[in-house]
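Input: a single structure, listed below in structure tokens.
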Ligand code: T46
């Protein structure tokens, strides 16, 4: 599975403006159990700094932009989420960090599981050990 998995969202625009639809089982390759969004991120703040054991997520900046750092223990990538039509699928053991939020950034995330703190690996060395297993 490649580290960076883009999901192109179709823009349905007309003279009134733009609309993007995200459909369970069609656009999103997992059952959606939770949705959350991150906004109002203060200047200079970075978020994330963890991996998930089982969670799958689809993330898209529906406004503004942020830089997503991904790391699967072997490969690292920095990708801009800077369009409401550019979503990223994050699955498997992937360390993620979000940086450089624009003041208007709204990062929407669709998740495959309910919130569960025990699914988080928040220590980088523990993440590397988990990858090696
Ligand atoms: C991820 C990145 C992209 C909840 O109570 N329910 C939730 O569904 C979430 C996501 C968070 N929380 C609580 C847990 C913390 O007390 O909200 C607080 C902030 O969460 P956290 O520090 O984990 O936020 P980020 O931005 O570092 O990470 C979040 C997600 O937690 C994570 O799964 O992949 O966004």
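Numbering (my numbering), first residue to last: 30 to 162. By construction, the Cβ of each residue, glycine as well, lies at the ideal position given by its N, Cα and C atoms.
Here's the rule: buried if 16 or more other CB atoms are within 10 angstroms of the residue's CB, otherwise exposed. What is residue 80?
Buried, since its Cβ has 16 or more Cβ neighbours within 10 Å.
If you reduce the DSSP assignment to three classes, tell me which class residue 144 lands in.
coil
Per DSSP, what kind of secondary structure is residue 83 in: helix, strand or coil?
coil
What's the C-alpha gap between residue 85 and residue 159?
Their backbone Cα atoms lie some 17 Å apart in a straight line.
If we ignore side chains and look at the alpha-carbon of each, how far apart do residue 174 and residue 49 end up?
With the chain covering only 30 through 162, there is no way to say anything about residue 174.
Roughly how many whole angstroms lie between the Cα atoms of residue 142 and residue 59?
10 Å
Just list the residues that DSSP pairs residue 40 with in beta bridges.
49
By the 10 Å Cβ neighbour count, where 16 or more other Cβ atoms means buried, how is residue 124 classified, buried or exposed?
buried
Residues surrounding ligand 1 [beta-carbon distance to nearest heavy atom under 5 Å]
65, 76, 77, 144
Can you give me the start and stop residues for the alpha helix (DSSP H) that residue 157 sits inside?
153-161
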